[in-house]
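Enquirer: Using this note's numbering, read the sequence shown as starting at 22 and increasing by one per residue. Let me give you the structure first, and then I'll get to my questions.
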Amino acid sequence: MATRRGRRRALRRRAWPTGAALLFILALNWDTVWPYVVGVTLVALLGGTAWWLRTTHRTTVAGHRAWQAEEENKARERSMSEVDAMTWQRFERYVAELCRRDGCTQVIVSGKSGDLGADVIGLMPDGRRLVVQCKHYAPHRTVSSGDMQKFLGTAKAEHGADVAIFVTTATFTRAAQALATKHDILALHRNLLGAWVRGSTLQSLIPLNGAGSGGPPRGRRARSQAFRR
Numbered sequence: 022m023a024t025r026r027g028r029r030r031a032l033r034r035r036a037w038p039t040g041a042a043l044l045f046i047l048a049l050n051w052d053t054v055w056p057y058v059v060g061v062t063l064v065a066l067l068g069g070t071a072w073w074l075r076t077t078h079r080t081t082v083a084g085h086r087a088w089q090a091e092e093e094n095k096a097r098e099r100s101m102s103e104v105d106a107m108t109w110q111r112f113e114r115y116v117a118e119l120c121r122r123d124g125c126t127q128v129i130v131s132g133k134s135g136d137l138g139a140d141v142i143g144l145m146p147d148g149r150r151l152v153v154q155c156k157h158y159a160p161h162r163t164v165s166s167g168d169m170q171k172f173l174g175t176a177k178a179e180h181g182a183d184v185a186i187f188v189t190t191a192t193f194t195r196a197a198q199a200l201a202t203k204h205d206i207l208a209l210h211r212n213l214l215g216a217w218v219r220g221s222t223l224q225s226l227i228p229l230n231g232a233g234s235g236g237p238p239r240g241r242r243a244r245s246q247a248f249r250r
């Protein structure tokens with residue numbers, strides 16, 4: 022440490038005379054060098070200003086995007102609070118209403134046990150057969166791969182689904198999500214359901230094939246009104 026400090030002091034002592042000499046030479050030749058000095062100074066100022074503007078712009082854009090995402094999450098949760106308060110029967114009817122809103126026809130709600138995973142059945146606007154499995158769970162819960170396997174085994178084999186959708190007020194486990202993506206089942210977890218509720222069309226969600234954007238915001242407690250069917 023002592024050696025390093027000594028070196029720094031020695032460099033400072035040498036720097037002062039050198040700097041003074043440069044300033045003296047600059048003063049003697051000011052009439053010749055002043056355009057260059059002014060030019061270098063202006064370039065440095067312009068470069069510093071450009072860097073500051075770019076950094077400020079990036080920070081502002083990032084902050085706006087974060088704010089926008091947070092507002093969208095809040096709006097989604099405000100919409101989902103009404104869905105959470107529904108009974109599982111009302112939830113199935115509501116999903117059927119969303120299908121009709123997006124142009125589906127001949128939409129039927131089974132409303133009974135033993136439906137073999139077909140809670141809602143109908144036709145897409147282009148005539149393809151639609152089969153929907155609904156799970157009204159508390160937000161903190163997850164749909165297992167076992168539930169997804171059961172739906173996979175019945176949606177096409179038993180009901181001849183061209184479009185198979187598993188929709189839940191909760192989230193899917195990674196295994197369930199992977200299974201849905203592999204077999205072209207649209208896994209509408211809580212966030213995607215929130216987007217559907219807020220106006221995204223079913224046709225715009227179907228190409229996702231289960232590849233959504235995550236679960237509910239962290240730190241949310243399960244709402245007491247949400248029950249497993």
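C-beta atoms are modelled at their ideal positions from N, C-alpha and C, and glycine is treated no differently.
#1: For Val128 and Arg122, what's the separation of their Cα atoms in angstroms?
#2: Residues in the same chain with beta-carbon distance under 7 Å from Lys171, minus the five sequence neighbours each way, listed in chain order, please.
#3: What is the DSSP secondary structure of Ala117, reduced to helix, strand or coil?
#4: Near Ile206, which residues of its chain fall below 8 Å by C-beta distance, leaving aside the five closest residues on each side in sequence?
#5: What's the call for Lys156, buried or exposed, on a 16-neighbour Cβ count within 10 Å?
#6: Are the beta-carbon atoms belonging to Ala117 and Val141 less than 8 Å from one another?
#7: Kindly indicate which residue of Ser225, Leu214 and Thr81 has the alpha-carbon position closest to the one of Glu113.
#8: Can you tell me whether Pro160 is buried or exposed? The criterion is at least 16 other CB atoms within 10 Å of its CB, across all chains shown.
#9: From the DSSP output, in three-state form, read off Thr80 for me.
#10: Between the Cα of Tyr158 and those of Leu67, Thr190, Cys125 and Thr222, spot the shortest distance and give me the residue it belongs to.
#11: If Leu151 sits next to Ala182, beta carbons under 8 Å apart, how far is it from one beta carbon to the other, in whole angstroms?
#12: I need the DSSP call for Arg219, collapsed to helix, strand or coil.
#13: Taking the alpha carbon of Ser100 as the reference point, which residue from Gly69, Cys125, Ser221 and Ile227 has its own alpha carbon closest?
#14: Measuring alpha carbon to alpha carbon, tell me which of Arg211, Pro56, Thr194 and Gly124 ends up nearest Gly148.
#15: Can you tell me the Cα-Cα spacing of His78 and Val61, whole angstroms?
#16: Which one of Gln154, Thr108, Ser102 and Leu74 has the shortest CA to CA distance from Cys120?
#17: Less than 6 Å between C-beta atoms, sequence neighbours within five positions excluded: which residues of the same chain meet that for Val130?
Expert: If we stick to the structure as given:
#1: Here residue 128 corresponds to residue number 107 of the sequence shown, with the count starting at 1. Here residue 122 corresponds to residue number 101 of the sequence shown, with the count starting at 1. Their Cα atoms are separated by approximately 11 Å.
#2: Here residue 171 corresponds to residue number 150 of the sequence shown, with the count starting at 1. Residues of the same chain with a CB within less than 7 Å of the CB of Lys171, apart from the 5 flanking positions on each side, are Gly138 in chain order.
#3: In the sequence shown, the residue the question calls residue 117 occupies position 96. Collapsing the DSSP output to three states places Ala117 in a helix.
#4: Taking the sequence shown and counting its residues from 1, one reaches residue 206 at position 185. Cβ-Cβ distances below 8 Å link Ile206 to Met169, Phe172, Leu173, Ala176, Ala185, Ile186, Phe187, Leu200, Asn230 and Gly231 in the same chain, with the five nearest sequence neighbours on each side left out; the list follows chain order.
#5: Sequence index remark: in the sequence shown, residue 156 carries index 135 (1-based). Looking at its Cβ environment, which holds 16 or more other Cβ atoms inside 10 Å, Lys156 is buried.
#6: Taking the sequence shown and counting its residues from 1, the one referred to as residue 117 is at position 96. Taking the sequence shown and counting its residues from 1, the one referred to as residue 141 is at position 120. In contact: Ala117 and Val141 (Cβ atoms closer than 8 Å).
#7: Mapped onto the sequence shown, residue 113 falls at position 92. With respect to the C-alpha of Glu113, the residue from Ser225, Leu214 and Thr81 having the closest C-alpha is Leu214.
#8: Sequence index remark: in the sequence shown, residue 160 carries index 139 (1-based). Of the other Cβ atoms in all chains shown, 16 or more fall within 10 Å of the Cβ of Pro160; this residue is therefore buried.
#9: Within the sequence shown, the letter at position 59 stands for residue 80. Thr80 sits in a helix when the DSSP states are folded into three classes.
#10: Numbered from its first residue, the sequence shown carries residue 158 at position 137. Selected option, being the one with the closest Cα: Thr190.
#11: The count along the sequence shown starts at 1 and reaches residue 151 at position 130. The count along the sequence shown starts at 1 and reaches residue 182 at position 161. Confirmed, Cβ separation roughly 7 Å.
#12: Residue mapping note: residue 219 aligns to position 198 of the sequence shown, counting from 1. Looking at Arg219 - three-state DSSP - the assignment turns out to be coil, as it is neither helix nor strand.
#13: Locating residue 100 in the sequence shown gives position 79, counting from the first residue. Across the set Gly69, Cys125, Ser221 and Ile227, the C-alpha of Ser221 shows the shortest separation from the C-alpha of Ser100.
#14: Here residue 148 refers to the residue found at position 127 of the sequence shown. That would be Gly124, whose Cα lies nearest to the Cα of Gly148.
#15: The sequence position of residue 78 within the sequence shown is 57, counting from 1. The sequence position of residue 61 within the sequence shown is 40, counting from 1. The straight-line gap from Cα to Cα measures roughly 26 Å.
#16: The residue labelled residue 120 in the question sits at position 99 within the sequence shown. Nearest C-alpha to Cys120: Gln154.
#17: Numbered from its first residue, the sequence shown carries residue 130 at position 109. Within the same chain, Val130 has close Cβ partners Glu113, Arg114, Ala117 and Val141.
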